[in-house]
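**Q** Residues 0 to 186 in numbering that gives the first Met the number 0 are what the sequence shown lists, from first letter to last.
From the three backbone atoms N, C-alpha and C, an ideal C-beta is built for every residue, glycine too.
It should be emphasised that the depicted structure is a prediction, and the values quoted were computed from it without experimental measurement.
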Amino acid sequence: MLIKVNQRYIREAIMHVPSPTEYLDSQSINYELVPHATSFTAQETAQKTHIKGNTLSKVVVVGDQNKLALVVIPANCILLQRSLARVLRSPGLNIVPEYQFRDRFPECEIGAMPPFGNLYGMDVFIAKELVQRDTVTFNGGTHNVLIKMETTDFIKVTNARVITVGYKVAGLAQPIISRRKDDWHWA
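Here is the structure:
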């Protein structure tokens with residue numbers, strides 16, 4: 000006899016997904032919890048915590064018909080879907096609305112998932128600007144706690160791959176691009 004059961008409960012019965020802090024503790028990673036007033040957007044969180052928008056990270060879920068991935072960019076940036084699709088060689092890549100993946104992160108509040116895609120079988124991509132910092136700060140699974148940890152530890156535990164295109168600072172006409180010093184031509 001087959002019993003129809005909510006997919007969330009099936010996954011929980013098969014495999015326990017640890018909370019962000021449980022996961023970091025199991026990996027012997029040092030981190031700091033940063034409590035803050037409840038906020039629902041990355042920019043609002045940056046304001047309430049007095050963390051600059053180019054320092055705080057936000058997670059964007061992207062996907063195509065085959066799989067989902069997490070993209071970690073500065074809070075003051077927006078994702079450039081077509082540019083990211085080209086660099087990831089995934090022409091059908093889209094930003095996935097929260098309602099479509101809420102069951103994928105059962106231990107997290109919607110919109111506050113940490114960038115530990117490796118726990119969910121998802122690739123993780125991180126903006127170069129964040130990798131160049133000593134620490135990375137991101138949602139800790141709720142709308143009122145951030146996790147701050149060393150960037151090298153973050154990359155190690157998530158197997159994150161660095162991206163240099165596919166996002167830009169909100170309000171700028173041109174995306175952030177990497178240039179070598181000798182690429183510039185002055186008029």
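Go through its chain and collect everything with a Cβ distance to G110's Cβ below 6 Å, but skip five positions before and after it.
**A** Here residue 110 refers to the residue found at position 111 of the sequence shown. Only E97 meet the Cβ criterion.
**Q** I'd like the span of the beta strand (DSSP E) that includes E43, first residue to last.
**A** Locating residue 43 in the sequence shown gives position 44, where the first residue counts as 1. That residue, E43, is in no beta strand (DSSP E); its alpha helix (DSSP H) goes A41 to T48.
**Q** Tell me whether E31 is buried or exposed, calling it buried when 16 or more other Cβ atoms sit within 10 Å of its Cβ.
**A** For this step, residue 31 is matched to residue 32 along the sequence shown. Per the 10 Å Cβ criterion, exposed.
**Q** Counting along the chain, where does the alpha helix (DSSP H) carrying E21 start and finish?
**A** As a first step, residue 21 is located in the sequence shown; it is residue number 22 there, counting from the start. Unbroken alpha helix (DSSP H) run through E21: P19 to S25.
**Q** On the criterion of 16 or more Cβ atoms from any shown chain inside 10 Å, does E207 qualify as buried, or is it exposed?
**A** Nothing about residue 207 can be reported from this structure: the residues present for the chain run from 0 to 186 only.
**Q** Please state whether DSSP places E128 in a helix, a strand or coil.
**A** Residue 128 sits at position 129 when you count from the first residue of the sequence shown. Three-state result, E128: helix.
**Q** Any idea what DSSP makes of A68, helix, strand or coil?
**A** Along the sequence shown, one-based indexing puts residue 68 at 69. DSSP places A68 in strand when its eight states are reduced to three.
**Q** Starting from the C-beta of S89, find all residues in its chain whose C-beta is less than 8 Å away, skip the five residues before and the five after it, and write them out in chain order.
**A** Reading the sequence shown from its first residue, position 90 is the one you call residue 89. For S89, where only same-chain residues beyond five positions count, the Cβ hits under 8 Å are D63.
**Q** What number of angstroms, rounded off, separates the C-alpha of I162 from the C-alpha of V168?
**A** Against the sequence shown, residue 162 aligns to sequence position 163. Against the sequence shown, residue 168 aligns to sequence position 169. About 15 Å.
**Q** Looking at the unbroken alpha helix (DSSP H) that takes in F137, where does it start and where does it end?
**A** Here residue 137 is taken as the residue at index 138 of the sequence shown, counted from 1. Note, F137: premise wrong, no alpha helix (DSSP H); beta strand (DSSP E) at T134 to T141.
**Q** Along the chain, where does the alpha helix (DSSP H) that runs through S82 open and close?
**A** Within the sequence shown, numbered from 1, the residue matching residue 82 stands at position 83. Run containing S82: Q80 to V86, per the alpha helix (DSSP H) assignment.
**Q** Enumerate in chain order the residues of its own chain whose CB-to-CB distance from H35 is below 8 Å, with the five nearest sequence positions on each side excluded.
**A** Counting from one through the sequence shown, the residue named residue 35 turns up at place 36. The residues are T44, K47, T48, N143, V144 and L145.
**Q** Nearest CA to the CA of V58: which residue from G120, S27 and F115?
**A** Your numbering for residue 58 matches position 59 in the sequence shown. Considering only alpha carbons, the answer is F115.
**Q** Between which two residues does the beta strand (DSSP E) carrying A164 extend?
**A** Within the sequence shown, the letter at position 165 stands for residue 164. Here residue 164 is Val; the residue named in the question, Ala, does not match the sequence. Looking at the DSSP string, V164 is not in any beta strand (DSSP E), and its letter there is neither H nor E.
**Q** Have a look at V156 and V135 and give me their C-alpha separation to the nearest angstrom.
**A** Looking up residue 156 in the sequence shown gives position 157. Looking up residue 135 in the sequence shown gives position 136. Looking at the two C-alpha atoms, the distance is approximately 13 Å.
**Q** Looking at C-alpha atoms only, which residue of N117, G139, Q131 and Y166 is the closest neighbour of N158?
**A** As a working note, residue 158 is residue 159 in the sequence shown. Of the listed residues, the one whose Cα sits closest to N158 is N117.
**Q** Ordered along the chain, which non-local residues of its own chain (more than five positions away) have a Cβ less than 8 Å from that of F39?
**A** Counting from one through the sequence shown, the residue named residue 39 turns up at place 40. Within the same chain, F39 has close Cβ partners G110 and H142.
**Q** Taking the alpha-carbon positions, what's the V70 to Q99 distance?
**A** Start at 1 with the first residue of the sequence shown, and residue 70 comes out as number 71. Start at 1 with the first residue of the sequence shown, and residue 99 comes out as number 100. In a straight line, the C-alpha of V70 is about 16 Å away from that of Q99.
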